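Participant:
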Amino acid sequence: MIRLHVTKTVVVLGLSCMAASIASAQTAPTGEQLFKQRCQACHTIAPGAKGMMGPNLAGIVGAKAGSSAYAYSPALKGSGITWDKQKLDQYLAGPSKMIPGVRMPMSVPDAAQRQAIIAFLAAHS
Ligand code: HEC
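With numbering that gives the first Met the number 0, letter number 2 in the sequence shown gets 1, and the count goes up by one each step, no holes.
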């Protein structure tokens, strides 16, 4: 009897741990978390802060490409793009596919993650 009881408890504990880890795996990271993980090494979003390895992204939605105080590549500076959500989506999916010669060495292949990041950028624009 005692042994049976212990086994049941272990099974119940095991199942609830599994449920907890499945639930956390399904919770998508927020745009802010993604920005911190994927963008913040090179970009700041704080208005007026100096650009780092990449330009400051405060107010980027609606801004002309290459308009922050930063030493842009001629490719980005001369792109003639005005950043809207759709253009940012295309850019983040493949920066150098959209603007050959751009110096941003990473992309965000996951469409849902791009949307979350762009919503975060828009909230700071
Ligand atoms: C390894 C550094 C690095 C990372 C990480 C990075 N970027 Fe960039 N990004 C750059 C550089 C460098 C430029 C300027 C490129 C140029 O001048 O050709 C840039 C330019 C941009 C621009 C154009 C800015 C303007 O003023 O026109 C946007 C928008 C942008 N990045 C968004 C992002 C987002 C969103 C992320 C995160 C998903 C990200 N970047 C991650 C380095 C990076």
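Glycine included, every Cβ here is placed at the ideal spot set by N, Cα and C.
Computed from a prediction, not measured in an experiment: that's the story for all the values here.
Using a 10 Å radius around the Cβ and a threshold of 16 neighbouring Cβ atoms, would you call Ala110 buried or exposed?
Facilitator: Taking the first residue of the sequence shown as position 1, residue 110 is located at position 111. Exposed, since its Cβ has fewer than 16 Cβ neighbours within 10 Å.
Participant: Is Lys49 helix, strand or coil by DSSP?
Facilitator: Position 50 of the sequence shown holds residue 49. Note: Lys49 maps to coil in three-state DSSP.
Participant: Can you check which of these residues, Lys84, His42, Val101, Met103, is closest to Ala115 by C-alpha distance?
Facilitator: On the sequence shown, position 116 is the one that residue 115 refers to. When each option's Cα is compared against that of Ala115, the closest is Lys84.
Participant: Rounded to the nearest angstrom, what separates Arg37 and Leu56 at their Cα positions?
Facilitator: Within the sequence shown, residue 37 is the residue found at index 38, counting from 1. Within the sequence shown, residue 56 is the residue found at index 57, counting from 1. So the alpha carbons of these two residues sit roughly 13 Å apart.
Participant: Measuring alpha carbon to alpha carbon, tell me which of Cys41, Ile98, Ala45 ends up nearest Ala122.
Facilitator: The residue you call residue 122 lines up with position 123 of the sequence shown. That would be Ala45, whose Cα lies nearest to the Cα of Ala122.
Participant: Compute the distance between the beta-carbons of Arg68 and Gly50, then report whether it is under 8 Å.
Facilitator: The residue labelled residue 68 in the question sits at position 69 within the sequence shown. The residue labelled residue 50 in the question sits at position 51 within the sequence shown. The question names Arg, but residue 68 is Ala in the sequence shown. For Ala68 and Gly50, yes; Cβs fall inside 8 Å.
Participant: Report buried or exposed for Pro94, applying the criterion of at least 16 other Cβ atoms within 10 angstroms of its Cβ.
Facilitator: Stepping through the sequence shown from its first residue, residue 94 is reached at position 95. Under this definition Pro94 is a buried residue.
Participant: Measuring alpha carbon to alpha carbon, tell me which residue in Tyr90, Met105, Gly47, Ile98 is nearest Ile117.
Facilitator: Counting from one through the sequence shown, the residue named residue 117 turns up at place 118. The candidate whose alpha carbon is nearest that of Ile117 is Tyr90.
Participant: Go ahead and label Pro104 buried or exposed: buried means 16 or more other beta carbons lie within 10 angstroms of its beta carbon, across all protein chains shown.
Facilitator: For this step, residue 104 is matched to residue 105 along the sequence shown. By the neighbour-count rule (16 or more Cβ atoms within 10 Å), Pro104 is not buried but exposed.
Participant: Does the Cβ of Ile59 lie closer than 7 Å to at least one heavy atom of the ligand HEC?
Facilitator: Taking the sequence shown and counting its residues from 1, the one referred to as residue 59 is at position 60. Checking every heavy atom of the ligand HEC against the Cβ of Ile59, one is found closer than 7 Å.
Participant: From what residue to what residue does the alpha helix (DSSP H) around Ser66 run?
Facilitator: If you number the sequence shown from 1, residue 66 lands on position 67. No alpha helix (DSSP H) contains Ser66, which DSSP labels as neither H nor E.
Participant: I need the straight-line Cα distance from Leu33 to Leu120, nearest angstrom please.
Facilitator: The residue you call residue 33 lines up with position 34 of the sequence shown. The residue you call residue 120 lines up with position 121 of the sequence shown. Taking the straight line from one Cα to the other gives about 11 Å.
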